[in-house]
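Have a look at the structure below, then the notes.
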Amino acid sequence: MSSVVVQKALQETDPLGLAVAFAQVSEFCRNGANTIFGVVGLDRRPLAGIALGCPLVGPDRVRVLLARSPNAQLLLDLTREGRIALTVSEVPSHRSVQIKGDQAMLLAARPDDIRTVLRDLRAFRDRLIDADFGEGFSSSYCSFDTDDAVAVEFVPREAFTQTPGPQAGERLLRAAS
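Here the sequence shown is numbered in this note's numbering, starting from 5 and rising by one per residue.
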């Protein structure tokens, strides 16, 4: 089956490109990725924070793990608004995917979340070291207190490419006209 036929079939069954986004985010995280999230602040301005990783990426829910302390204000705004944008960037290529969603809920981090994120952060640390950021910085950047970890789950609604370049901001696999 040609790639054009596969792409057309995906567009017809997944016009928002979510399946492609889920596959890319999962791959990026397993191989070492930078993960950030954004919410709408009380003053209607965007706020961004650093996430630890994505232990679950699926058609009905996306689960993101964060450190509670440095993201306290964002978590407060998230619970008020319920909308979230998650951007995952592969290191060192900078290929990036953004998933926007709503109905975000704050939940306790589960042991399997911690295990998955620790594995993914080790891969991210190794990528940073390979990119000459140094072992000390890379290890510090990828460390967190597991007792401070919290999960956010949301319903994915849209997916976009955020890779720097002319297609940044475009929907993944736009619906065929």
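We treat Cβ as the ideally placed atom computed from N, Cα and C, and that holds for glycine. Predicted model, so just to flag it, every value in this text is computed and none were measured.
Coarse secondary structure for phenylalanine 137, derived from DSSP in three states: Of the three classes helix, strand and coil, the one that applies to phenylalanine 137 here is coil, per DSSP.
Hey, how far is the Cα of leucine 90 from the Cα of valine 61? When rounded, the distance between both Cα atoms is 11 Å.
Helix, strand or coil, according to DSSP, for aspartate 117 in the structure here? The answer is helix: DSSP assigns aspartate 117 an H, G or I state.
Cβ-based neighbour list, proline 63, same chain, cut-off 6 Å, excluding 5 preceding and 5 following: Excluding sequence neighbours, proline 63 sits near nothing in its chain.
Could you tell me which of Phe32, Glu94, Gln107, Phe137 sits nearest to glutamate 157, measuring between CA atoms? Per the Cα distances, Gln107.
Do you know how far the Cα of aspartate 47 is from the Cα of leucine 79? For the pair leucine 79 and aspartate 47, the Cα-to-Cα distance works out to about 15 Å.
Just verifying my parser: in three-state terms, what is the DSSP assignment at threonine 91? Here threonine 91 sits in strand by DSSP.
Taking the straight line between their C-alpha atoms, what separation do you get for phenylalanine 164 and isoleucine 103? The straight-line gap from Cα to Cα measures roughly 7 Å.
Consult DSSP for aspartate 47 and reduce its assignment to one of helix, strand or coil. DSSP places aspartate 47 in the coil class of the three-state scheme, outside both helix and strand.
Measure the beta-carbon distance from valine 43 to leucine 82 and round it to whole angstroms, keeping in mind my assumption that it falls under 8 Å. Confirmed, about 5 Å.
Tell me the rounded alpha-carbon separation between aspartate 152 and proline 74. Each residue's Cα considered, the two are about 10 Å apart.
Euclidean distance between Cα positions of glycine 57 and arginine 123: For glycine 57 and arginine 123, the distance between alpha carbons rounds to 10 Å.
Nearest CA to the CA of leucine 110: which residue from Gly86, Arg49, Pro50, Ile118? Among Gly86, Arg49, Pro50, Ile118, the Cα nearest to that of leucine 110 is on Gly86.
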